[in-house]
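Colleague:
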């Protein structure tokens with residue numbers, strides 16, 4: 008009996024075949040997958056004519072004989088150097104021999120996996136094959152685990168959700184330890200795939216401790232809980248390293264209901280060869296990378312960018328960048344940030360070189376009262392370069 012639960016498999020094949028049998032490989036693979044009631048989703052292959060190696064050829068070519076074309080399997084980026092065909096392996100009539108590598112991704116019922124493995128063992132079209140199994144999927148082909156994983160969830164079922172000591176197993180009932188009300192938030196620590204014939208996706212929660220059903224695949228239109236989606240992003244801050252900078256920045260973020268969950272600080276200095284920022288412990292420049300979560304889904308990003316830029320200028324961050332974790336956002340802002348960072352680095356290096364030359368020429372000269380701070384001169388020079 009078929010319980011309707013499907014499993015995704017990835018197959019790879021490699022070996023040698025006569026050129027005339029190259030097209031037959033696909034037919035043999037299709038025969039095995041058809042017998043196992045598998046649906047082939049993706050397939051690809053590379054075929055390369057192998058050089059014939061004779062004693063005279065090997066002696067003449069020597070090490071250079073190993074310099075042959077490579078065979079690439081796009082599925083894994085694996086590069087295989089084809090071996091030479093010995094005289095004993097040559098086909099009758101001088102037919103060429105092909106080196107083959109094939110890749111197949113398919114979906115089949117879990118009840119047919121053993122049959123597929125037996126057929127491959129007896130009828131594999133090439134000498135070497137591998138089989139890798141993916142996640143269990145529903146009869147509709149939707150991955151049970153798509154979008155499900157450790158995260159914050161909110162109970163959305165009108166009847167709430169019961170919390171059990173453990174998931175039921177082998178027909179044994181589990182003790183109910185608590186009840187969650189609709190709208191209540193829980194922290195999911197672990198998600199477990201449904202058992203064959205069950206269809207319930209169970210999750211272990213932190214508080215109250217126990218297990219709840221996230222979704223029943225028999226009624227996916229009426230889930231028990233839904234993942235709380237919060238937009239995430241990254242803030243880049245670059246400039247002269249000064250005390251108290253991050254305190255000002257985090258104050259702005261708190262006011263805008265933005266949470267920092269990861270911070271990376273990298274100090275460095277200008278590199279004269281690349282004219283860019285390079286890492287150096289204790290360097291005068293600093294780049295801060297903040298990973299953030301937007302608590303408010305309707306936050307005004309333009310307003311937040313302007314405020315970050317204003318505060319950044321006040322504390323010494325001449326270059327700021329705020330992006331959401333979407334491809335379009337990264338494409339739009341990342342190149343601009345890198346160019347502005349490089350421009351400020353060049354301006355800083357030029358200003359520092361000018362100051363050092365002045366100091367060497369007038370070592371005893373006292374700084375003028377009310378002189379502009381060094382890092383502000385860098386900003387003036389930097390803006391002039393950008394205008395150019």
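In this note's numbering, the protein residues as written are 8 to 395.
Virtual Cβ for every residue (Gly too), placed ideally from N, Cα, C.
Within 10 Å of its beta-carbon, does residue 3 have 16 or more other beta-carbons around it, so buried, or fewer, so exposed?
Modeller: Residue 3 is absent from the structure shown; the chain starts at 8 and stops at 395.
Colleague: Do you know how far the Cα of residue 332 is from the Cα of residue 21?
Modeller: C-alpha separation (whole angstroms): 39 Å.
Colleague: Between which residues of its own chain and residue 70 is the CB-CB distance below 8 Å, once the five residues before and five after are set aside?
Modeller: With a pLDDT of 42 at residue 70, under the threshold of 50, the predicted position of this residue should be treated as unreliable, though the coordinate-derived value follows. There are no such residues.
Colleague: If I measure Cβ to Cβ from residue 140 and keep anything under 7 Å in the same chain, skipping five residues before and after, which residues do I get?
Modeller: The answer, listed in chain order, is 14 and 16.
Colleague: On the three-state DSSP scale, how would you describe residue 278?
Modeller: Of the three classes helix, strand and coil, the one that applies to residue 278 here is strand, per DSSP.
Colleague: Quick check on residue 331 - is its C-beta less than 8 Å from some C-beta in chain C?
Modeller: Absence of chain C from the displayed structure is noted, only one protein chain being present.
Colleague: What residue does the beta strand (DSSP E) around residue 169 start on, and which one ends it?
Modeller: Run containing residue 169: 168-171, per the beta strand (DSSP E) assignment.
Colleague: Can you look up residue 241 in the DSSP assignment and give me helix, strand or coil?
Modeller: Residue state, collapsed to three classes: strand.
Colleague: Distance check for residue 220 and residue 206, CA to CA, integer angstroms please.
Modeller: Cα to Cα, residue 206 sits roughly 10 Å from residue 220.
Colleague: If you check the beta carbons only, do residue 133 and residue 54 fall under 8 Å apart?
Modeller: Contact: no.
Colleague: Looking at residue 396: is its Cβ nearer than 8 Å to the Cβ of residue 263?
Modeller: Because the chain here runs from 8 to 395, residue 396 falls outside it and cannot be looked at.
Colleague: Buried or exposed, going by whether 16 or more other CB atoms sit within 10 Å of the CB of residue 57?
Modeller: So residue 57 counts as buried.
Colleague: Quick check: what's the CA-CA separation for residue 315 versus residue 256?
Modeller: In a straight line, the C-alpha of residue 315 is about 7 Å away from that of residue 256.
Colleague: Run through DSSP, which three-state label would residue 215 get?
Modeller: In the structure shown, residue 215 sits in coil (DSSP, three-state: anything other than H, G, I, E or B).
Colleague: Thinking C-beta only, is residue 358 closer than 8 Å to residue 235?
Modeller: No, the pair does not count as a contact, with Cβ atoms beyond the cut-off.
Colleague: Going by DSSP, what residue range makes up the beta strand (DSSP E) through residue 162?
Modeller: Per DSSP, residue 162 belongs to the beta strand (DSSP E) from 158-162.
Colleague: On the criterion of 16 or more Cβ atoms from any shown chain inside 10 Å, does residue 8 qualify as buried, or is it exposed?
Modeller: At residue 8, the pLDDT of 41 sits below 50, so the modelled position is not reliable; the number obtained from the coordinates is stated separately. Residue 8 is exposed by the Cβ-count criterion.
Colleague: Does the beta-carbon distance from residue 171 to residue 183 come in below 8 Å?
Modeller: Against a cut-off of 8 Å, the Cβ pair of residue 183 and residue 171 comes out as a contact.
Colleague: If residue 470 and residue 185 are in contact, beta carbons under 8 Å, what's the gap, nearest whole angstrom?
Modeller: This structure cannot speak to residue 470, because the chain is shown only from 8 to 395.
Colleague: Measuring alpha carbon to alpha carbon, tell me which of 198, 296 and 280 ends up nearest residue 271.
Modeller: When only C-alpha atoms are compared, the closest one is 296.
Colleague: From residue 360 to residue 343, what does the alpha carbon distance come to, in whole angstroms?
Modeller: About 26 Å.
Colleague: Using a Cβ-Cβ cut-off of 7 Å (strictly less than) and excluding sequence neighbours within five positions of residue 66, which residues of its own chain qualify?
Modeller: Because residue 66 sits at a pLDDT of 45, beneath the cut-off of 50, its placement in the model cannot be relied upon, and the following sentence gives the value as read from the coordinates. Within the same chain, residue 66 has no close Cβ partners at all.
Colleague: Go ahead and pull the three-state DSSP assignment for residue 254.
Modeller: Here residue 254 sits in helix by DSSP.
Colleague: Look up residue 35 in the DSSP assignment and say whether it is helix, strand or coil.
Modeller: Helix.
Colleague: Output yes or no for whether 8 Å exceeds the beta carbon distance between residue 325 and residue 245.
Modeller: A contact, by the Cβ cut-off of 8 Å.
Colleague: Does the beta-carbon of residue 275 have 16 or more other beta-carbons within 10 angstroms, so that it is buried, or is it exposed?
Modeller: That one is buried.
Colleague: Look up residue 127 in the DSSP assignment and give the residues it is bridged to.
Modeller: The partner list for residue 127 (beta bridge, DSSP) is empty, contrary to what the question assumes.
Colleague: Mapping the DSSP letters down to three states, classify residue 306 as helix, strand or coil.
Modeller: Three-state result, residue 306: coil.
Colleague: Counting only runs that start and end within the stretch 314-345, where is the alpha helix (DSSP H) found for 4 or more residues in a row?
Modeller: None, since the stretch 314-345 contains no complete alpha helix (DSSP H) of that length.
Colleague: Using DSSP's beta-bridge definition, name the partner residues of residue 223.
Modeller: Residue 223 pairs with 207.
Colleague: Using a Cβ-Cβ cut-off of 6 Å (strictly less than) and excluding sequence neighbours within five positions of residue 162, which residues of its own chain qualify?
Modeller: Cβ neighbours of residue 162 beyond the five flanking positions: 168, 187, 189, 191 and 232.
Colleague: Based on Cα-Cα distance, which residue from 258, 209, 35 and 355 lies nearest to residue 123?
Modeller: Checked all of 258, 209, 35 and 355; the closest Cα to residue 123 is 35.
Colleague: Can you tell me which of 108, 117, 356 and 175 puts its alpha carbon nearest to the alpha carbon of residue 290?
Modeller: Residue 290 has its Cα closest to that of 356, out of 108, 117, 356 and 175.
Colleague: Am I right that residue 48 and residue 114 are in contact with their C-beta atoms under 8 Å? What's the rounded C-beta distance?
Modeller: Contact holds; Cβ gap of about 6 Å.
Colleague: Between which two residues does the beta strand (DSSP E) carrying residue 21 extend?
Modeller: Unbroken beta strand (DSSP E) run through residue 21: 13-25.
Colleague: Grouping DSSP H, G and I as helix and E and B as strand, with all else coil, what is residue 57?
Modeller: Of the three classes helix, strand and coil, the one that applies to residue 57 here is coil, per DSSP.
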